[in-house]
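Reading through the structure tokens given below for one structure.
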Amino acid sequence: MFVSRFARSTAIRRALYTTEAPSGLNAGEKHIYEKLSQALSPHKLRVADVSGGCGSMYAIDIAAAKFEGTSIVKQHRMVNDILKEEIKGMHGLQLKTSAK
Numbered sequence: 083m084f085v086s087r088f089a090r091s092t093a094i095r096r097a098l099y100t101t102e103a104p105s106g107l108n109a110g111e112k113h114i115y116e117k118l119s120q121a122l123s124p125h126k127l128r129v130a131d132v133s134g135g136c137g138s139m140y141a142i143d144i145a146a147a148k149f150e151g152t153s154i155v156k157q158h159r160m161v162n163d164i165l166k167e168e169i170k171g172m173h174g175l176q177l178k179t180s181a182k
């Protein structure tokens with residue numbers, strides 16, 4: 083019983099702290115996911131192409147400890163700086179950021 087609980091908790095921890103992009107993302111979503119994961123080590127990250135698949139608009143929901151003590155404007159600037167090159171080819175970007 084202890085082993086099975088330990089194995090489950092280890093698997094859950096691994097899933098929560100992985101920087102590997104989840105399956106089912108398209109190439110643009112995966113690229114953005116990996117870039118933000120590497121730069122901010124978020125504990126929550128969701129990336130969605132909301133343009134119907136053409137890659138011109140993305141919605142990003144991210145929570146990272148690196149945002150602690152910073153305003154939402156500064157958090158958004160941090161994400162925008164990381165994705166500067168990608169944003170040049172986008173029509174729009176929806177951001178939701180938090181430290182928690």
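83 is the number of the first residue of the sequence shown in my numbering; add one for each residue after it. Where a beta carbon is used, it is the ideal one built from N, C-alpha and C, also for glycine.
In this model, D131 and G137 are separated by some 6 Å (Cα to Cα).
E102 and H113 have their alpha carbons spaced roughly 11 Å apart. With fewer than 16 other Cβ atoms from the protein chains shown falling within 10 Å of its own Cβ, G174 counts as exposed.
Judged by beta-carbon spacing, A141 lies beyond the 8 Å limit of A181, meaning their Cβ atoms are not closer than that value.
Among the bridge pairs identified by DSSP, V132 is matched with none. Within the same chain, no residue comes within 7 Å of K170 by CB-CB distance, once the 5 residues on both sides are set aside. Residue environment for Q157: buried (at least 16 other C-beta atoms within 10 angstroms of its C-beta). Contact between I144 and V155 does not hold, since their C-beta atoms are separated by about 15 Å, which reaches or exceeds 8 Å.
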